[in-house]
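Mapping of the sequence shown onto full-length UniProt numbering: residues 1 to 379, in sequence order. Note that the Cβ used here is the ideal one computed from N, Cα and C, for glycine as well.
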Amino acid sequence: MSDHDVDDIAFLTGSPNESGFMVNKRAMYEPGAVMVCSQKRACCVVTLGFVAIIAVALIVAFTKPGCPEATYTGEPLPGQSIRPTSSPPTTPPTATNGELFPWTSVRLPTHVRPLHYDLSLHPNLTSRYVKGELTIKLTAIEETQQIVIHGHDLNVTSYKLHNKYEKPIGISKFLEYPAHQQLYLKLDEILRRGSNYTLRLSYEFTLKEGLEGFYLSSYKTANGEKRYIATTHFEPTAARAAFPCFDEPQLKAKFHLSIYREPHQFTLFNMPLQTSVKAEDSDLILDQFQESVEMSTYLVAFVVCDYDHVTNKTSNNVSVSVYAPPMMISQASYALRMATQILDFYESFFGVPYPLPKQGSFLFAELRMHLGYLCSSWL
Ligand SMILES: *[C@@H]1O[C@H](CO)[C@@H](O)[C@H](O)[C@H]1NC(C)=O
Ligand SMILES: *[C@@H]1O[C@H](CO)[C@@H](O)[C@H](O)[C@H]1NC(C)=O
Ligand SMILES: *[C@@H]1O[C@H](CO)[C@@H](O)[C@H](O)[C@H]1NC(C)=O
Ligand SMILES: *[C@@H]1O[C@H](CO)[C@@H](O)[C@H](O)[C@H]1NC(C)=O
Ligand SMILES: *[C@@H]1O[C@H](CO)[C@@H](O)[C@H](O)[C@H]1NC(C)=O
């Protein structure tokens, strides 16, 4: 207040050229006026600074060897994942039969995309042998004469393609390229844009104890007997080790599963069980599940086991279950209470109801590890 008064006095006692003096004084004392000039300059400096940073970033980005999406044509080292290099490819990608593999990118072509997977599995936990039958409904986004799909360590024994009137389309070439975990089908006809097709594949593989894909796990009963279970871990790119699929997260589709089991076991999938019938030619049971919502391949989960379970409901009537070996089921009630409360909390926190009819948590008791841990798969 007093400063302002002094300022006013200075104006009155200043030079006769009052207006000019006032401008000068303002320039000297008023922060706003001073800022007008230096703001421009500051803007220039800041802009130049940003331009410099962006330029450096661009130079760094483009002089680096390459990005993961770069097309790669060289052969990676055995057992090593794809590492693109800027040097020209030395050897062209070679399929398992020695032929040239025509698709060179680790990403799939965008000409076709899946709509629906119908998967039928027969895993044998004793022999570790799994037989799979898969029907993929796909649609052509653009005209194409090839289909490239993921598959990892699967022995594909038959492949057939039909159009939507069930007329067969010849497949002149079937190639496997393990380095990119891809399968390539060369077609006799051009797929028409906007049309739907059905790809049917039969395949087989063995369950491994690898904690990835569809794998074998085990636990010990109270009397020391070793029991096996088969379960999945697909995230981020292991769905292709359980069934041939378009294993990229944006290629969402609906999934339907049917799976064989022995009578003392039970099976789990993302969706609730629909029917459970005795197989015609054996003592086995065939479990069929409801069709899933549209989702990415890495979210698919299924289990064959002989665990016990405890179940409760959330306040919105979503069924929540926790599965554990019979010996450890007494320890599952805390996990169940927490899982139910957490689901309730998230529903109110996000204001979005849980979209599926059930939620399962799988309490693993791996080998001699007596601490179960909660696996948050959407079972
Ligand atoms: C697995 O194979 C054994 C014989 O090796 C057989 O007894 C059992 O029923 C089979 N189980 C399934 C699920 O096929
Ligand atoms: C392809 O299948 C989808 C999903 O089943 C369906 O909505 C669409 O109409 C079909 N397109 C043609 C051309 O039949
Ligand atoms: C897959 O095929 C290879 C080579 O033909 C064979 O050695 C292997 O045993 C097969 N695996 C299964 C599970 O059939
Ligand atoms: C299920 O949840 C309700 C509400 O939290 C609780 O009162 C009840 O005891 C639970 N039942 C079991 C079997 O855990
Ligand atoms: C909860 O679901 C059961 C069947 O799962 C049904 O019988 C019951 O009416 C439902 N309750 C509410 C409040 O929606």
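- Residue 277 counts as exposed, since fewer than 16 other C-beta atoms from the protein chains shown sit within 10 angstroms of its C-beta.
- Relative to ligand 4, the beta carbon of residue 312 is positioned inside 7 Å of a heavy atom.
- For residue 283 and residue 260, the gap between their C-alpha atoms comes out near 10 Å.
- Boundaries cannot be given for residue 141, as no beta strand (DSSP E) includes it and DSSP labels it neither H nor E.
- Remark: C-beta atoms of residue 215 and residue 231 approach each other more closely than 8 Å.
- In terms of Cα proximity to residue 126, the closest of 327, 208, 193 is 208.
- The C-beta of residue 315 has fewer than 16 other C-beta atoms within 10 Å across all chains shown, which makes the residue exposed.
- Pairing residue 323 with residue 115, the inter-Cα distance amounts to about 31 Å.
- In this chain, the alpha helix (DSSP H) harbouring residue 339 covers 333 to 350.
- Per DSSP, the unbroken beta strand (DSSP E) holding residue 305 starts and ends at 302 to 305.
- By the beta-carbon neighbour count (other beta carbons within 10 angstroms, threshold 16), residue 302 is buried.
- For residue 322, the enclosing beta strand (DSSP E) stretches over residues 319 to 324.
- Residue environment for residue 349: exposed (fewer than 16 other C-beta atoms within 10 angstroms of its C-beta).
- Residue 264 carries a coil assignment under DSSP once its states are collapsed to helix, strand and coil.
- These are the residues, in chain order, with a beta carbon less than 6 Å from any non-hydrogen atom of ligand 2: 115, 139, 164, 194, 195, 196.
- By the beta-carbon neighbour count (other beta carbons within 10 angstroms, threshold 16), residue 165 is exposed.
- Spatial neighbours of residue 290 in its own chain (CB-CB distance under 7 Å, excluding positions within 5 residues in sequence) are listed in chain order as 271, 272, 274.
- In the structure shown, the three-state DSSP call for residue 297 is helix.
- Residues lining ligand 1 by the Cβ criterion, that is a Cβ closer than 7 Å to any of its heavy atoms, are 122, 123, 124, 125, 126, 127, 260, 261, 262, 282, 283, 284 in chain order.
- Nearest to residue 217 by C-alpha distance, out of 91, 124, 101, is 124.
- Between the alpha carbons of residue 307 and residue 222 lies a distance of about 13 Å.
- DSSP lists 186 as the beta-bridge partner residues of residue 146.
- Contact annotation: the segment 102 to 116 touches the segment 135 to 152, with at least three C-beta pairs closer than 8 Å.
- Between residue 167 and residue 186, the C-beta gap is not smaller than 8 Å, which leaves the two residues out of contact.
- At a cut-off of 3 residues, the continuous stretches assigned as beta strand (DSSP E) that sit fully inside the segment 151 to 205 are 155 to 163, 171 to 177, 182 to 191.
- In the three-state reduction of the DSSP assignment, residue 128 falls in the coil class, being assigned neither a helical nor a strand state.
- When secondary structure is reduced to three states using DSSP, residue 239 falls in the helix class.
- Contact between the segment 144 to 156 and the segment 253 to 269 is not established, with fewer than three Cβ pairs separated by less than 8 Å.
- Here the distance from the Cβ of residue 296 to the nearest heavy atom of ligand 4 is not below 7 Å.
- Listed as beta-bridge partners of residue 113 by DSSP are 139.
- Residue 229 is bridged by DSSP to 217.
- Residue burial annotation: residue 132 is buried, with at least 16 other C-beta atoms found within 10 angstroms of its C-beta.
- The shortest CA-to-CA distance from residue 347 to any of 335, 193, 317, 119 is the one to 317.
- Looking only at 344, 161, 201, 101, the smallest Cα-Cα distance to residue 120 is reached by 201.
- In chain order, 258, 260, 277, 279 place their CB closer than 7 Å to the CB of residue 286, counting only its own chain and leaving out the 5 sequence neighbours on each side.
- DSSP places residue 278 inside the beta strand (DSSP E), whose first and last residues are 273 to 278.
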